[in-house]
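Visitor: Pasting in a structure now, in structure tokens, and then I'll have a few things to ask.
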Amino acid sequence: MLQLQVIREDQGDLVKAFKKRNLDAAPLLENVKKLDEERRSLQTRLDAVLAESNSLSKSIGELFKKGEVEKANAMKARTSELKEESKSLNESLGQAASDLEAALYLIPNVPHESVPAGTSDTDNEEIFREGDIPVLGEHALPHWELAKKYDLIDFEWGVKITGSGFPVYKGKCARLQRALIAYFLDKNTEAGYTELQVPHLVNEASGFGTGQLPDKEGQMYELASDPLFLIPTAEVPVTNLMRDTILDNSDFPVRYTAYTPCFRREAGSYGAHVRGLNRLHQFDKVEIVRVEHPDKSYEALDGMVEHVKTILRELQLPFRILRLCGGDLGFTSALTYDFEVFSTAQDRWLEISSVSNFETYQANRLKLRFRDEDKKTRLAHTLNGSALALPRVLAGIMENYQTEEGIRVPEVLIPYTGFDMIN
RNA sequence: GGAGGAAUGGCAGAGUGGUCGAAUGCGGCAGUCUUGAAAACUGUUGAGGGUCACACCUCCGGGGGUUCGAAUCCCUCUUCCUCCGCCA
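Numbering (the numbering used here), first residue to last: 30 to 452.
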């Protein structure tokens, strides 16, 4: 959530910035300002009542000590008046505070100045492209056909034991997936990220911390028997590790990587675009998460982009990088780069990574701060990215590496798979 | 799952109704000394709200209660520890 201070001190720049998101923020911001003033005025009044009550209590104590019981008892009358008053003020204050919070939750992150205006994914700005798109010929198959041909993924089995969108990977494909996970983790570790294994269930507080709650609970699976959620991404548990934390300036950079399955309830549409591995309820992903000094976060973002590039380069997959436009930018993100791999057999780009800087938006909810040079506590910046999401990388490899003899295994993965051809 | 015990500042650990935002030690920071460092000594050192700055207010695991007044008493929840049971 946005910092109140930013909204209080705003000179109209915010409204302008939110236009890129096609959002008329003026009424939202005005509402927040109004509620903030209400809250503060209630707080001031409550503080005054409590101050009087505190000092009376002290006097009463002293009077009792001196044995002036009558005087003390006389003062008690005033105290109980104050108590009533503080009780009702406190209730109003609680209401005002939660109204204010609710109003703040409605405001998305401020887009970075480099974010292009636009309404949908067609307005995203391509900033980089690399790799040769293989020529496959007419016999080329999309990955769901390849999965059948070589008996690699069983979607029906998944339906049988769970439901649609929960595929079962078999044989060499399962092995290939395991190889990719190990390879990604190794690359991330090499790049300075510390590997973590984290729980795949999180509590409510964690959902709030990274912004899945209160609005997007429909996207997460919730347990019926306990107030826990299956994680939609490793971002949630990993970033929340640092909730309610004050880092030291020397703790930067904080860099973690984690492999987890990801669970998404989102129904999605049906048709070619969600066939096969394109859209699933459960998939695997290796995530990278950073916490940075505000002065360094964009440098860090660039570093993450470069890092993902080197992985795709090694896998020899044709890819491009998009800078998301305001209309496509996630609610909590200030700047996001999407990586897409070209699938020749599907003749379309597949999103395989999303790298974002959240600036202080998540940190504000998380109360993730650091002590700066002057020893003041300030909010840190959080960033994360996929390095990488498995299913579409797998699809890209299957489709782009297919030959008459079978599916070749990318060079860098052979040490992990132990075989060089799936057939 | 059963029986006990515990939860206090970065850490350790006092504090059982007012003089407690909280002793003491360690750690951190600043200074004295030193060519420099260490040691020693001195000072300083929680977070949030509020204010031009003070004042003032809140916070001793979470929530509720008793009381003029709660870290301290009561209820409740959560978590941790010990013992027993079960189990990968």
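All C-beta atoms in this analysis are idealised placements derived from N, C-alpha and C, irrespective of residue type, glycine included.
Does the segment 316-326 touch the segment 280-289, meaning 3 or more C-beta pairs lie closer than 8 Å?
Guide: Short answer: they touch.
Visitor: Where in the segment 131-193 do unbroken runs of the beta strand (DSSP E), each at least 3 residues long, occur, reported from the N-terminal end onward?
Guide: Listed in chain order, they are 154-159.
Visitor: From the DSSP output, in three-state form, read off Gly414 for me.
Guide: Reading the first sequence from its first residue, position 385 is the one you call residue 414. Of the three classes helix, strand and coil, the one that applies to Gly414 here is strand, per DSSP.
Visitor: Starting from Lys443, trace the alpha helix (DSSP H) in both directions and tell me its first and last residue.
Guide: If you number the first sequence from 1, residue 443 lands on position 414. The sequence shown places Ile at residue 443, not Lys. Run containing Ile443: Ile443 to Thr446, per the alpha helix (DSSP H) assignment.
Visitor: Just tell me which of Lys100, Pro439, Thr239 and Lys199 has its CA closest to the CA of Ile340.
Guide: Locating residue 340 in the first sequence gives position 311, where the first residue counts as 1. Nearest of Lys100, Pro439, Thr239 and Lys199 to Ile340, Cα basis: Pro439.
Visitor: Would Leu122 and Leu85 be called neighbours here (beta carbons separated by less than 9 Å)?
Guide: In the first sequence, residue 122 corresponds to position 93, counting from 1. In the first sequence, residue 85 corresponds to position 56, counting from 1. Cβ distance not < 9 Å, so Leu122 and Leu85 don't count as in contact.
Visitor: Round the Cβ separation of His172 and Leu306 to the nearest angstrom and send it over; I've been treating them as touching at under 8 Å.
Guide: Here residue 172 refers to the residue found at position 143 when the first sequence is read from its first residue. Here residue 306 refers to the residue found at position 277 when the first sequence is read from its first residue. With a Cβ gap of about 6 Å, His172 and Leu306 count as contacting.
Visitor: Do Thr406 and Leu165 have their C-beta atoms closer together than 9 Å?
Guide: Start at 1 with the first residue of the first sequence, and residue 406 comes out as number 377. Start at 1 with the first residue of the first sequence, and residue 165 comes out as number 136. Going by C-beta atoms, Thr406 is not nearer than 9 Å to Leu165.
Visitor: Terminal residues of the continuous alpha helix (DSSP H) containing Ile381?
Guide: Residue numbering aside, residue 381 sits at position 352 when the first sequence is read from its first letter. Not the alpha helix (DSSP H): Ile381 falls in the beta strand (DSSP E), residues Arg377 to Glu388.
Visitor: Relative to the C-alpha of Val197, which candidate in Phe312, Ser115 and Glu295 has its C-alpha closest?
Guide: Reading the first sequence from its first residue, position 168 is the one you call residue 197. Looking at the Cα atoms, Phe312 is the closest of the given residues.
Visitor: Can you confirm whether the segment 153-164 touches the segment 328-348 when touching is taken to mean that 3 or more C-beta pairs between the two stretches lie within less than 8 Å?
Guide: Yes, since at least three Cβ pairs between the segment 328-348 and the segment 153-164 fall closer than 8 Å, the two stretches touch.
Visitor: Helix, strand or coil for Pro243, going by three-state DSSP, please let me know.
Guide: Start at 1 with the first residue of the first sequence, and residue 243 comes out as number 214. Here Pro243 sits in coil by DSSP.
Visitor: Let me make sure I understand the geometry here. Which of Glu251, Val144, Tyr285 and Pro444 has the alpha-carbon closest to that of Leu21?
Guide: Residue 21 falls outside the range modelled here, since the chain spans only 30 to 452, and no answer is possible.
Visitor: Thinking Tyr327 and Thr361 are a contact (beta carbons under 8 Å), I'd like their distance in whole angstroms, please.
Guide: In the first sequence, the residue the question calls residue 327 occupies position 298. In the first sequence, the residue the question calls residue 361 occupies position 332. That belief does not hold up - the Cβ atoms of Tyr327 and Thr361 are roughly 17 Å apart, past 8 Å.
Visitor: Only counting runs of 4 or more residues, tell me where the alpha helix (DSSP H) segments fall wholly within the segment 260-305, in order along the chain.
Guide: List check, alpha helix (DSSP H) in window: 264-269.
Visitor: Assign Lys87 to one of three DSSP states: helix, strand, or coil.
Guide: Here residue 87 refers to the residue found at position 58 when the first sequence is read from its first residue. Reduced to three states, the DSSP call for Lys87 is helix.
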